[in-house]
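Asker:
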Amino acid sequence: MVEESGISTFELSHDPKSAAQGADVVYTDVWASMGQKEEAAERERIFADFQVNETLMDNTGKDTLFMHCLPAERGREVTDGVMEADYSIVFDEAENRMHAQNAIMVTMNKS
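My numbering numbers the first residue of the sequence shown as 101 and each following residue consecutively.
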């Protein structure tokens, strides 16, 4: 649907460097969710090359944004430098999620 509209494209890649090249947004998630902590060491080994760091972000587009759904494990999934950079919108994303969740709760509670 996205590609049919001609507005944007979506690409799945197993190579973080090529995926980030020219990207408008870099979005990552936790490597081990709650309930998977016993798998954390193995997942860290597998995903180590997927860490979002300054080198990866330098390979992106001029106005690329960084997003993470939080909580982020700094130093593993993402570096402190990326989390705190001007192009990081993770905290705006979290705040907007709260407002969206509140709106859903209000809508669901209307009888």
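Idealized CB from N, CA, C, for every residue including glycine.
Assuming leucine 170 and valine 190 are in contact, meaning their beta carbons sit under 8 Å apart, how far apart are those beta carbons, in whole angstroms?
Answerer: 6 Å
Asker: Quick one: measure Cβ to Cβ for phenylalanine 166 and alanine 185, integer angstroms, because I've assumed they're closer than 8 Å.
Answerer: 7 Å
Asker: Find the nearest neighbour of valine 220 within the set Val178, Glu195, Ala123, judged by alpha-carbon distance.
Answerer: The question about residue 220 has no answer, for the chain in this structure spans 101 to 211.
Asker: Please classify isoleucine 120: is it buried, with 16 or more other beta-carbons within 10 angstroms of its beta-carbon, or exposed?
Answerer: The question names isoleucine, yet the displayed sequence has alanine at residue 120. Burial is judged here by how many other beta carbons sit within 10 angstroms of a residue's own beta carbon; alanine 120 has at least 16 and is buried.
Asker: Of the residues Ser108, Phe147, Asp163, Glu193, which one's Cα is nearest the Cα of arginine 176?
Answerer: Phe147
Asker: Could you name the residues of the same chain whose beta carbon sits closer than 7 Å to that of glycine 161, not counting the 5 residues immediately before and after it, in chain order?
Answerer: Gly122, Ala123, Asp124
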